[in-house]
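Structure, as structure tokens:
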Amino acid sequence: MSDNNPEEEEKPKKKKGKMKGLIIGLLVVAVVGGGGAAGGFYVAGSMGGENVEPEDPNKPKIVLKDGTEVSEREAKTAMPSENENKFKVTYHQIEQPFTSNLSHSESFAQMSLAISTYYDERVFENVTEHEIALRSAVLLELGQQDPIELETPAGKVKLKGKLRDVINATLKEKAGFGGIEDVYFTSLVIQ
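Under the working numbering, the first residue of the sequence shown is numbered 1115, with each subsequent residue one higher.
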């Protein structure tokens, strides 16, 4: 019996040794393969960034505070931190006021707007060129507003955001580029 026992004991040890070697081998393959795949994705991502299409020369440029005009790609490296704004803000007053009836009421609103951008004067040239389409879009948005909501500060802020989005969408449709950063009420009367 003692002859049989050592052989039986050796067999399980060999199985454990083979199993341990197999597990270690699989782990090494997984780590090396995963590292190779991660490296491949990193290199592919890095190379993919270099093949970006050139920017349209007719697209407005972002203006830095020192007056330098840069492309959007260059501006991304100069993006402002929360405490510091490196871009020059330019404002434009829309001359004629907007007057519209408000949704589901006998009330109406009259407002005057100004807009701002970090881009060059081409944005405001587009605003002037497409003013009729912009006025129509703003009036349609204004006519959908609830007069009770517009009486609150939060309602006014919400309307500002909607007007900015409507103006940018109209400019993108008509001129191929939006560029409006913010909308400002220079007067707002709700009756």
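Ideal Cβ positions, reconstructed from N, Cα and C, are used throughout, including at glycine.
Beta-carbon spacing of residue i, residue j below 9 Å
i	j	result
N1282	G1290	no
I1304	E1265	yes
H1206	S1226	no
D1260	L1302	no
K1188	Y1232	One detail in the question is off: residue 1188 reads as Glu in this sequence, not Lys. In this structure, Y1232 does not lie closer than 9 Å to E1188 by Cβ.
A1251	V1280	yes
Beta-bridge pairing of residue i - partner residues as DSSP gives them
i	result
V1184	I1176
D1296	S1230
S1302	The sequence shown places Leu at residue 1302, rather than the Ser named in the question. In DSSP, L1302 forms a bridge with M1225.
S1214	A1223
T1242	None, per the DSSP bridge assignment.
E1207	Just to set this straight, residue 1207 is Gln in the shown sequence, not Glu. The partner list for Q1207 (beta bridge, DSSP) reads A1228.
F1291	According to DSSP, F1291 bridges with nothing at all.
Integer Cβ distance of residue i from residue j, believed to fall under 8 Å
i	j	result
K1288	A1247	6 Å
T1284	H1244	7 Å
V1237	P1174	5 Å
Pick from the options that is closest to residue i, judged by C-alpha positions
i	options	result
E1209	H1218, A1228, K1202, N1215	A1228
S1219	N1199, Y1232, E1263, D1234	E1263
G1253	L1285, V1184, P1211, G1139	Here residue 1253 is Leu; the residue named in the question, Gly, does not match the sequence. Of the candidates L1285, V1184, P1211, G1139, the one whose C-alpha sits nearest the C-alpha of L1253 is P1211.
F1299	G1275, T1284, L1285	G1275
T1213	V1280, E1235, R1249	R1249
D1234	V1297, T1242, K1202	K1202
E1239	N1172, V1143, S1221, I1137	N1172
G1257	R1278, V1146, S1221	S1221
V1241	N1199, K1286, V1145	K1286
Q. Do the segment 1169-1183 and the segment 1263-1278 meet, that is, are 3 or more Cβ pairs less than 8 Å apart?
A. no
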